[in-house]
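A.B. asks: Quick note: the sequence shown uses numbering that gives the first Met the number 0, first residue 0, plus one each step.
Starting off with a structure, shown below.
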Amino acid sequence: MVGIIFGGRSGEHAVSLMSARSVAQAIDRNKYDVTMIGISKAGHWIGGDDPLRELEQGGYDAPGRALLGAPRQGELMSVSAALVPGELRLAPVTELDVVFPLVHGTYGEDGALQGLMEMADVAYVGAGVVGSALSMDKGIFKSVMSAAGLPVLPHLVITRAQFAEQPDQVVAQCEAALHYPLFVKPANLGSSVGISRADDAAGLHGALVEAARWDRRLVVEQGIDAREIEVSVLGNDMPQASSVGEIRPRRGFYDYIAKYVSGDSELLIPAPLSPELTERAQSLAVEAFKAVDCAGMARVDFLLDKSTDQLWLNELNTIPGFTEISMYPKLWAAAGVGYPELIDRLIELALERKADRDRTERTFEV
Numbered sequence: 000m001v002g003i004i005f006g007g008r009s010g011e012h013a014v015s016l017m018s019a020r021s022v023a024q025a026i027d028r029n030k031y032d033v034t035m036i037g038i039s040k041a042g043h044w045i046g047g048d049d050p051l052r053e054l055e056q057g058g059y060d061a062p063g064r065a066l067l068g069a070p071r072q073g074e075l076m077s078v079s080a081a082l083v084p085g086e087l088r089l090a091p092v093t094e095l096d097v098v099f100p101l102v103h104g105t106y107g108e109d110g111a112l113q114g115l116m117e118m119a120d121v122a123y124v125g126a127g128v129v130g131s132a133l134s135m136d137k138g139i140f141k142s143v144m145s146a147a148g149l150p151v152l153p154h155l156v157i158t159r160a161q162f163a164e165q166p167d168q169v170v171a172q173c174e175a176a177l178h179y180p181l182f183v184k185p186a187n188l189g190s191s192v193g194i195s196r197a198d199d200a201a202g203l204h205g206a207l208v209e210a211a212r213w214d215r216r217l218v219v220e221q222g223i224d225a226r227e228i229e230v231s232v233l234g235n236d237m238p239q240a241s242s243v244g245e246i247r248p249r250r251g252f253y254d255y256i257a258k259y260v261s262g263d264s265e266l267l268i269p270a271p272l273s274p275e276l277t278e279r280a281q282s283l284a285v286e287a288f289k290a291v292d293c294a295g296m297a298r299v300d301f302l303l304d305k306s307t308d309q310l311w312l313n314e315l316n317t318i319p320g321f322t323e324i325s326m327y328p329k330l331w332a333a334a335g336v337g338y339p340e341l342i343d344r345l346i347e348l349a350l351e352r353k354a355d356r357d358r359t360e361r362t363f364e365v
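Written as structure tokens, this is what we have:
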């Protein structure tokens with residue numbers, strides 16, 4: 000049984016629903032039994048006949064909650080009110096062989112959901128707790144890349160409290176260390192939610208206000224005249240890189256609307272790069288994947304300086320979008336791995352990772 004978990008308490012809730020519908024439609028139902036597990040914006044876990052449709056319509060089954068069961072049982076449990084007032088009843092819903100998490104952003108891509116699945120001792124697709132957490136926080140990710148000798152753009156990390164207490168000083172600090180244009184991002188969010196470009200002090204202040212809505216840590220990054228390059232990575236200890244793609248947004252930059260709504264950005268696969276740059280991007284993508292101890296899948300995003308051909312690592316997405324216009328499956332399709340086959344491979348990698356995890360000793364007797 001494959002459990003597809005989607006939704007969640009994140010600004011990327013709607014994106015997650017899109018990804019879940021795409022995977023649910025593409026997965027081989029002759030090969031896999033599938034159960035859909037939704038998480039509402041309020042954090043309610045819901046099952047039932049069609050939780051995806053419920054969440055798409057803005058509803059949720061408030062009385063029922065679900066959670067992963069005891070270790071090694073791989074059961075999804077429901078929690079409901081018992082006959083005795085004040086007591087709860089725990090009942091198994093279904094037994095899971097592997098979980099396919101498609102909860103983008105906070106509480107799904109940051110290691111929180113992965114920690115729950117580790118405690119439940121169930122196989123799951125994608126990176127573990129460490130890889131998820133390191134990749135999710137853009138500021139910490141850049142620090143890890145720098146420590147590994149991989150190229151990242153100059154940047155600052157500001158806390159929401161710092162900005163709230165001394166907004167003028169924070170703006171001045173950014174202007175002293177970097178030069179316009181600047182990009183301001185919530186550290187722990189994806190899908191371009193809360194990201195703004197700033198071309199002057201007033202724009203920077205507004206961008207910091209917007210990013211602070213979404214996270215307590217804010218990344219201010221040096222802007223450059225760049226091409227947007229992406230590489231998909233697949234594997235566990237021996238990961239492989241896909242074809243290299245390029246995104247040419249028709250908007251100011253590749254924002255949320257361009258990614259998931261308009262669909263009017265130009266996607267070039269393969270990217271028009273020299274063989275040397277193509278190989279460099281693929282090599283850096285694999286190095287970044289290994290540096291954060293990633294597993295299963297990741298989409299690695301780069302900025303390619305138009306004047307110098309310098310590749311800069313931008314971010315690593317451990318649960319990349321799986322919508323029809325998402326780059327991760329498109330890049331593997333160009334490399335000869337179709338969508339259903341890609342899902343198969345990810346499930347196999349999850350089971351492989353679980354088998355390796357089971358080799359670890361958990362008790363110590365003196």
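Where is the CB? At the ideal position from N, CA and C, for every residue including glycine.
Here the structure is a predicted model, which means the values were calculated and not measured.
#1: So is S131 buried or exposed if we call it buried at 16+ other beta carbons inside 10 Å?
#2: Would DSSP call W44 helix, strand or coil?
#3: Does the stretch 274-290 come into contact with the stretch 310-325, if we say contact requires no fewer than three beta-carbon pairs (one atom in each stretch) closer than 8 Å?
#4: State the DSSP-derived secondary structure class of S18, mapped to helix, strand or coil.
#5: Fully enclosed by the stretch 197-222, which beta strand (DSSP E) runs are 3 residues long or longer?
#6: Any idea if M35 is buried or exposed, counting beta-carbon neighbours within 10 angstroms, 16 or more meaning buried?
#7: So, do the stretch 216-223 and the stretch 176-186 have three or more beta carbon pairs nearer to each other than 8 Å?
#8: Using the rule of at least 16 other Cβ atoms within 10 Å of the residue's Cβ for burial, across every protein chain shown, is L95 buried or exposed?
#9: Are the beta-carbon atoms of I246 and E275 separated by less than 8 Å?
#10: Give the range of the beta strand (DSSP E) segment to which P100 is assigned.
#11: What are the partner residues of K184, as DSSP defines its beta bridges?
#12: How is Y0 classed by DSSP in three states: helix, strand or coil?
#13: Between Y338 and the rest of its own chain, which residues show a CB-CB distance below 6 Å, the 5 nearest in sequence each way excluded?
#14: Taking C-alpha atoms, which residue in R358, G320 and L188 lies nearest to S21?
#15: Whole angstroms are fine: how far does the CA of A111 sit from the CA of L207?
#16: In the DSSP assignment, find the unbroken beta strand (DSSP E) run with V299 in it and report its ends.
#17: Taking 7 Å as the cut-off, is the CB of L350 close to at least one heavy atom of the ligand GTP?
#18: Taking its Cβ as the centre, do 16 or more other Cβ atoms sit within 10 Å of R28, making it buried, or is it exposed?
#19: So, with DSSP's three-state summary, where would you put L233?
#20: Where DSSP assigns a beta bridge to P91, which residues make up the other side?
#21: Work out the CA separation of A90 and D48 for me, nearest whole Å.
#22: Mind checking E164: buried by the 16 CB within 10 Å criterion, or exposed?
#23: Taking 8 Å as the threshold (C-beta atoms), are V192 and A349 in contact?
#24: DSSP state of A132, grouped into three classes?
#25: To the nearest angstrom, how far is it from the Cα of L54 to the Cα of G37?
#26: Measure the Cβ-Cβ separation of E265 and G244 and say whether it is below 8 Å.
#27: How many Å lie between Y259 and M326 at the Cα?
#28: Roughly how many whole angstroms lie between the Cα atoms of A270 and S242?
#29: Specify whether the stretch 154-171 and the stretch 197-212 touch according to this definition: at least 3 beta carbon pairs, one from each stretch, less than 8 Å apart.
#30: Taking the continuous beta strand (DSSP E) assigned at G244, which residues delimit it?
#31: If you run the structure through DSSP and keep just helix, strand and coil, what is H154?
#32: Can you list, in chain order, the residues of its chain whose CB lies under 8 Å from that of A23, leaving out five sequence neighbours each side?
C.D. replies: Reading off the structure:
#1: S131 is buried by the Cβ-count criterion.
#2: Strand at W44.
#3: Between the stretch 274-290 and the stretch 310-325 there are three or more C-beta pairs closer than 8 Å, enough to call the two in contact.
#4: Helix, per DSSP.
#5: Whole beta strand (DSSP E) segments, 3+ residues: 216-221.
#6: Buried, since its Cβ has 16 or more Cβ neighbours within 10 Å.
#7: By the criterion of at least three beta-carbon pairs nearer than 8 Å, the stretch 216-223 is in contact with the stretch 176-186.
#8: Around the beta carbon of L95, 16 or more other beta carbons sit within 10 angstroms, so the residue counts as buried.
#9: In this structure, E275 does not lie closer than 8 Å to I246 by Cβ.
#10: Element bounds for P100: V97 to L101.
#11: According to DSSP, which records beta bridges pairwise, K184 is partnered with V218.
#12: Note that residue 0 is Met in the sequence shown, not Tyr. Residue state for M0 is assigned as coil, using DSSP reduced to three classes.
#13: Cβ within range, chain order: A25 and P328.
#14: Answer by Cα proximity: G320.
#15: Distance from the CA of L207 to the CA of A111, rounded to the nearest whole angstrom, comes to 26 Å.
#16: Start and end: G295 to D304.
#17: In the structure shown, the ligand GTP is absent, as is every other ligand, since no ligand is present at all.
#18: Only exposed fits R28, as fewer than 16 other CB atoms lie within 10 angstroms of its CB.
#19: Secondary structure of L233 (DSSP, three-state): strand.
#20: DSSP lists M76 as partners of P91.
#21: When only Cα atoms are considered, D48 and A90 end up about 17 Å apart.
#22: That one is exposed.
#23: Using a Cβ distance threshold of 8 Å, A349 and V192 do not count as a contacting pair.
#24: The DSSP-derived three-state label of A132 is helix.
#25: Distance between the alpha carbons of L54 and G37: 7 Å.
#26: It is not a contact, given that the beta carbons lie outside the stated cut-off.
#27: Residue confidence for Y259 is low, a pLDDT of 49 falling below 50, so the modelled location carries little weight; the figure read from the coordinates is stated next. For Y259 and M326, the distance between alpha carbons rounds to 11 Å.
#28: In this model, A270 and S242 are separated by some 8 Å (Cα to Cα).
#29: Yes, since at least three Cβ pairs between the stretch 154-171 and the stretch 197-212 fall closer than 8 Å, the two stretches touch.
#30: Residues Q239 to R247.
#31: In the three-state DSSP reduction, H154 falls in the strand class (E or B).
#32: Cβ within range, chain order: I3, V33, M35 and L51.
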